[in-house]
Amino acid sequence: MFNLILFGPPGSGKGTQSEKLIAKYGLKHLSTGDLLRSEIASQTPLGVEAKKIMDKGQLVPDEVVIGMISSALDANPNAKGFLFDGFPRTPAQAEALDKLLELKKTSIAVMLALNVSEEELVKRLMKRGETSGRSDDTNENVIRARIIEYRNKTAVVADYYYNFDKVVMVKGEGSVDDIFKSLSAEIDQRI
Ligand code: B4P
12 MFNLILFGPP
22 GSGKGTQSEK
32 LIAKYGLKHL
42 STGDLLRSEI
52 ASQTPLGVEA
62 KKIMDKGQLV
72 PDEVVIGMIS
82 SALDANPNAK
92 GFLFDGFPRT
102 PAQAEALDKL
112 LELKKTSIAV
122 MLALNVSEEE
132 LVKRLMKRGE
142 TSGRSDDTNE
152 NVIRARIIEY
162 RNKTAVVADY
172 YYNFDKVVMV
182 KGEGSVDDIF
192 KSLSAEIDQR
202 I
């Protein structure tokens, strides 16, 4: 089993690159953002609560997203491997993920971390907001709040994986295809 984390700030290209990587490598895509948005679309109690938090640009509580990931892992016993997109976003989520994978006798092979400047992130998310219908993409203040939340709570997750020598930084600016080639080269060395 090959498990990888695609890491980076909001708008760094995680969702964009994940689509291409799962098609190439046959991994199961687990995006906590997508899982939360599907709860919102179905108007479940979890979705109603999550929307209030996401609309402020804040992180949903750890126990909620860890529970969602745990269920998704159980629901895919025959997966070749998992691509985690937007998860883990806190050290507590990273520790929980390690434990869940250990129970399944597997682990994270690598964290690929996309590096993008803040101004480029804001530009991309504002542009996506014109068409995506995502309420967290339309307001610059909310976008900046998400980036601050990333700096304060999420960036440190990379340190957790640095301790295990599992982090590779990848340039996240340039064309989608060039970034995809760089990510693929790193995966090909390890898969
Ligand atoms: P996510 O759904 O994870 O959303 P994101 O970080 O905004 O998007 P992503 O990084 O995937 O977007 P992409 O770059 O592909 O999270 C949304 C919210 O959910 C969070 O704020 C939080 O509230 C909550 N949440 C999710 N996971 C959580 C967790 N684990 N714990 C707690 N809360 C959680 O795309 C951005 C845009 O850039 C696109 O329009 C794309 O077309 C464009 N783009 C991509 N690559 C480009 C390139 N190379 N050049 C130009 N544009 C590019």
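So in the numbering used here, spot 122 of the sequence shown is number 133, and the numbers just go up one at a time. Heads up, the beta-carbon is just placed ideally off N, CA and C, and yes, glycines get one too. These numbers were taken from a predicted model, which means no experiment stands behind them.
In terms of alpha-carbon separation, which member of Ser-23, Gly-24, Leu-38 lies closest to Met-12?
Reading the sequence shown from its first residue, position 1 is the one you call residue 12. For Met-12, the nearest C-alpha among the options comes from Leu-38.
Specify the secondary structure class of Val-59 as computed by DSSP and reduced to three states.
Your numbering for residue 59 matches position 48 in the sequence shown. Here Val-59 sits in helix by DSSP.
What are the uninterrupted segments assigned as beta strand (DSSP E) that are 3 or more residues long and contained completely in the segment 105–152, given in chain order?
Segments of the beta strand (DSSP E) lying fully in the segment 105–152: 121–126.
Which residues in the same chain as Thr-117 place their Cβ atom closer than 7 Å to its Cβ, once the five residues preceding and following it in sequence are excluded?
Numbered from 1 along the sequence shown, position 106 holds the residue referred to as residue 117. Correct list, in chain order: Met-12, Asn-14.
How is the beta strand (DSSP E) around Val-75 delimited, first residue to last?
Reading the sequence shown from its first residue, position 64 is the one you call residue 75. Run containing Val-75: none in the beta strand (DSSP E); it sits in the alpha helix (DSSP H), 73–85.
In or out: Arg-157 buried (at least 16 other Cβ within 10 Å) or exposed?
On the sequence shown, residue 157 is found 146 positions in, with the first residue counted as 1. Buried: at least 16 other Cβ atoms inside 10 Å.
So, Thr-101 versus Leu-70, is the Cβ gap smaller than 8 Å?
Locating residue 101 in the sequence shown gives position 90, counting from the first residue. Locating residue 70 in the sequence shown gives position 59, counting from the first residue. In this structure, Leu-70 lies closer than 8 Å to Thr-101 by Cβ.
Nearest CA to the CA of Ile-198: which residue from Leu-84, Val-167, Ser-29?
Position 187 of the sequence shown holds residue 198. Nearest of Leu-84, Val-167, Ser-29 to Ile-198, Cα basis: Ser-29.
Three or more C-beta pairs closer than 8 Å, one from the segment 50–64 and one from the segment 129–138: is that the case here?
Taking 8 Å as the limit for Cβ pairs, the verdict is that the segment 129–138 does not touch the segment 50–64.
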